[in-house]
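Participant: Numbering (our numbering), first residue to last: 116 to 240.
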Ligand SMILES: [Zn+2]
């Protein structure tokens with residue numbers, strides 16, 4: 116990959132990070148509204164972290180799963196941005212080969228090349 120390609124991926128990662136942060140904020144607020152509507156607010160709730168308050172509660176499983184996915188994705192995006200800063204971005208964690216620009220354009224936060232990813236997916240199913 117040349118510098119221009121890395122810059123392109125860097126800006127799409129930055130954009131993705133922004134979108135994810137907004138989505139997490141929105142989903143937290145939605146969860147908070149739901150909790151308040153249901154009268155869960157007994158004056159002791161910490162609405163800065165509504166997701167922590169209902170962790171493990173099956174009534175909120177869907178919202179919590181969504182938030183968890185978004186947080187995981189955000190962590191991956193942050194990690195990819197760190198790798199760009201350190202200069203080892205775009206290298207497969209598994210085999211050490213270059214991941215390839217086309218795949219990174221589609222999934223800029225990925226840490227695996229397409230063949231390792233397929234092998235991992237197969238192993239998981
Ligand atoms: Zn690989």
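In this text, a Cβ means the ideal position worked out from N, Cα and C, and glycines have one as well.
A quick note: this is a predicted structure, and the numbers were derived from the prediction, not measured.
According to DSSP, is residue 206 part of a helix, a strand, or is it coil?
Facilitator: Residue numbering aside, residue 206 sits at position 91 when the chain shown is read from its first letter. Three-state result, residue 206: strand.
Participant: If you scan the segment 185-233 from start to end, which runs of the alpha helix (DSSP H) of 4 or more residues do you find wholly inside it?
Facilitator: Segments of the alpha helix (DSSP H) lying fully in the segment 185-233: 216-221.
Participant: Can you give the beta carbon distance from residue 185 to residue 138, rounded, assuming they're within the 8 Å contact cut?
Facilitator: Counting from 1 along the chain shown, the entry for residue 185 is found at position 70. Counting from 1 along the chain shown, the entry for residue 138 is found at position 23. Right, the Cβ-Cβ distance comes to about 5 Å (below 8 Å), so this counts as a contact.
Participant: Please state whether the Cβ-Cβ distance between residue 116 and residue 211 is less than 8 Å.
Facilitator: As a first step, residue 116 is located in the chain shown; it is residue number 1 there, counting from the start. As a first step, residue 211 is located in the chain shown; it is residue number 96 there, counting from the start. No.
Participant: So, are the CB atoms of residue 216 and residue 133 less than 8 Å apart?
Facilitator: The count along the chain shown starts at 1 and reaches residue 216 at position 101. The count along the chain shown starts at 1 and reaches residue 133 at position 18. It is not a contact, given that the beta carbons lie outside the stated cut-off.
Participant: What does the shell around ligand 1 hold, if a residue joins when its beta-carbon is under 5 Å from any heavy atom?
Facilitator: 207, 209, 210, 228, 231
Participant: Quick one: complete beta strand (DSSP E) runs, 3+ long, within the segment 128-160?
Facilitator: none
Participant: Considering only the alpha carbon of each residue, which of 232, 229, 222, 147 lies closest to residue 188?
Facilitator: To locate residue 188, count along the chain shown from 1; it is residue 73. Checked all of 232, 229, 222, 147; the closest Cα to residue 188 is 222.
Participant: To the nearest angstrom, how far is the alpha carbon of residue 143 from that of residue 194?
Facilitator: By 1-based counting over the chain shown, the position of residue 143 is 28. By 1-based counting over the chain shown, the position of residue 194 is 79. The straight-line gap from Cα to Cα measures roughly 23 Å.
Participant: Would you report the Cα separation of residue 203 and residue 174, rounded to the nearest angstrom?
Facilitator: Locating residue 203 in the chain shown gives position 88, where the first residue counts as 1. Locating residue 174 in the chain shown gives position 59, where the first residue counts as 1. Straight-line Cα distance between these residues: approximately 42 Å.
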